[in-house]
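Numbering (my numbering), first residue to last: 1 to 472.
For each residue, glycine too, the CB sits at the ideal point set by N, CA and C.
Right, one structure below, let's go through it.
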Amino acid sequence: MKATNPRTGKADYEFATDTPDSVAEAARELRDRQGAWEAMGVSARAKVLLRLADLVEANEQAIFDALAIDTGRRAIARMEVQGLARNCRRWAARAPELMDGLPRDATPSLTPGVEIVPEFSAFPLFGAIAPWNFPILLSHIDAVPALMAGCAALVKPSEVTPRFVEPMRDVLAQLPELPLRYVMGGPEVGQALIAHVDYVCFTGSTETGRKVAEAAARALIPANLELGGKDPMIVTASADPAWAANVALRSSVVATGQACQSIERIYVAREVADPFLDALVAGAETVTLTHPDPGSGHLGPFIFPAQAEKIAAQIADARAGGAKVLTGGEVERLGGGAYLRPTILTDVTPDMAVIREETFGPVLPVTVFDTLDDAIAMANDSTYGLSAAVLAGSMEEAAAIGSQLEAGAISLQDGALTSMVGDATNHSRGKSGLGPSRMGDEGFLRFLRRKALIRQTGQAAPIDAFAEGPPQ
Ligand code: NAD
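Below, the structure is given as structure tokens:
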């Protein structure tokens, strides 16, 4: 397969893809190693994960160089690589505490004479299917806690961003005891992976998530789905409009908006709408592209070129429906890459694609509201429920609104905090996801299966206890 460089538009990277047979072989090999890995115990596994963190840091430049080409961005690529090392260290510290805290004592059952002793064991083979927007972070975000729990891990990164895998394989070659492997390719390889693992974590679009869930249902394995979003932000009349505009801008456009938790709908109170929009437009116009110098500016190219077409179509649809474009609005082709400056839309209506469908770009449709009830109703009028944000004059006011929003995580007095906070347990709603939280302790505990040892401490019932008798 070939991958396109998002800055040049050239398909200049070729990589070998897996086949159903090679996926089966990788799965078999990992299963063979998993028993010994789990038997090592959590403290020994933590040491291996700490070594992985050290090795990632020692090889940071090579991994970064590849990831920077994959994603067309530098600062975030650097943060992603460092984030992988942090993720390993975080779970290496937390997992042994969680294992220690598991209930292990016998407890009396409600059935007289019987005691129950819990035992915990990992799902043997964990599988991850990852998207292209944060390729290294999202390929490992669930794999690291799964490995700490004692699973072996088979990971399929996105075929759009495969370059980082080569330097990561060099790292893994130095850690032969770690049962972690990558398989490469597109949908067929994702499907092959699901057929061989015991638990699948998928991060990606809602449309693909449904196909993953269907395949997981056929294989009768749990599927943990982290899908798209259409996150709303409410700005109340008591919020400082200049501050709110700054927060809204950053929360919407960082990473060129290619983040599931990006703010994609803004609802602002009429009392502050004018100064908010003035500040938002002024702020947006200070945002620069990372072209031609990848070492300066804010917004890089779209990683997946087809994304630019989809966003251009949403903007065109909004314009055709009467929306005004206050700034931005045109996809620019520069040096072979596709870029979009922050695009602020007003006079949008609830039926427009830009309000209903995930955009995944730096587009901020702004709706003015008159009552908070209206704002909450509009924010909740979505099939998605990933996250949301509230900016108000006080934390109390923001929290009271946040409690009424239908989403898994609500940022108060900030936006898109889930991109920076890994320990906020939450459950996505609607089309945004399914299954336990990847954040917080549940992110680890979900990989442990519980077995009940049920002890009969009294007399086992004789067969006569179940014998038929005369009618009663
Ligand atoms: P995508 O759904 O197109 O692809 C994701 C992965 O699924 C890729 O590895 C792809 O090869 C694989 N795949 C495609 N078809 C498959 C199939 N039929 N069976 C098995 N695997 C298959 O997603 P994308 O475009 O790479 O990523 C962007 C999407 O990811 C956005 O919708 C975004 O919101 C979402 N996302 C969600 C989160 C979250 O935590 N909720 C985080 C990041 C991204």
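Taking its Cβ as the centre, do 16 or more other Cβ atoms sit within 10 Å of residue i, making it buried, or is it exposed?
i	result
V390	buried
D70	buried
D198	buried
A36	exposed
I311	buried
F466	exposed
D351	exposed
R7	buried
M148	buried
T383	exposed
D100	exposed
R90	buried
P131	buried
I401	buried
Distance check for residue j and residue i, CA to CA, integer angstroms please.
i	j	result
A313	R28	45 Å
R218	T19	20 Å
A39	S121	10 Å
A215	P436	19 Å
R483	A245	Outside the modelled stretch of the chain, which goes from 1 to 472, sits residue 483, for which no answer is possible.
E14	A195	26 Å
L326	D278	10 Å
G283	R74	22 Å
V189	R210	16 Å
E514	G422	The structure shown does not extend to residue 514, since the chain is modelled only from 1 to 472, so the question has no answer here.
A223	Q191	13 Å
V56	K47	14 Å
E396	L372	15 Å
D464	P470	14 Å
T457	L110	13 Å
A424	G393	24 Å
A68	V117	50 Å
A320	L175	56 Å
R429	A24	33 Å
Give a single yes or no on whether residue i has its beta carbon closer than 8 Å to a heavy atom of ligand 1.
i	result
Y421	One point to set straight first is that residue 421 is Val, not Tyr, in the sequence displayed. Checking every heavy atom of ligand 1 against the Cβ of V421, none is found closer than 8 Å.
N5	no
Q314	no
P131	yes
F202	yes
A308	no
L417	no
S428	yes
E207	yes
E358	yes
I194	yes
V275	First, the amino acid is wrong: residue 275 is Pro here, not Val. No, Cβ of P275 sits at least 8 Å from all heavy atoms of ligand 1.
S158	yes
A215	yes
F134	yes
A259	yes
L179	For the record, residue 179 in the displayed sequence is Pro; it is not Leu. P179 Cβ: outside cutoff for every heavy atom of ligand 1.
L386	yes
E226	yes
L138	yes
S437	no
V189	yes
So is residue i in contact with chain B if we call contact Cβ pairs under 9 Å?
i	result
P145	Absent from the structure is chain B; it holds one protein chain and no more.
Please list the terminal residues of the continuous beta strand (DSSP E) segment that includes residue i.
i	result
P232	D231 to V235
C201	Y199 to T203
L49	From DSSP, L49 is part of no beta strand (DSSP E) but of the alpha helix (DSSP H) over V42 to A58.
F369	V363 to F369
E180	Here the sequence assigns Leu to residue 180, which means Glu is not the residue at that position. Start and end: L180 to Y182.
N224	A223 to E226
On the DSSP letters alone, give me the boundaries of the alpha helix (DSSP H) that residue i sits inside.
i	result
R169	V165 to A173
K310	P305 to A320
N426	Neither: N426 is in no alpha helix (DSSP H) and is coded neither H nor E.
A388	No alpha helix (DSSP H) contains A388, which is instead part of the beta strand (DSSP E) from S387 to L391.
R449	It is not in any alpha helix (DSSP H) - R449 instead sits in the beta strand (DSSP E) that spans L448 to Q456.
Residue i and residue j look like a contact to me (Cβ under 8 Å); what is the Cβ gap, rounded to whole Å?
i	j	result
P275	A242	7 Å
T161	P135	4 Å
E166	A66	6 Å
G300	C260	Wrong, their Cβ atoms sit about 17 Å apart, outside the cutoff.
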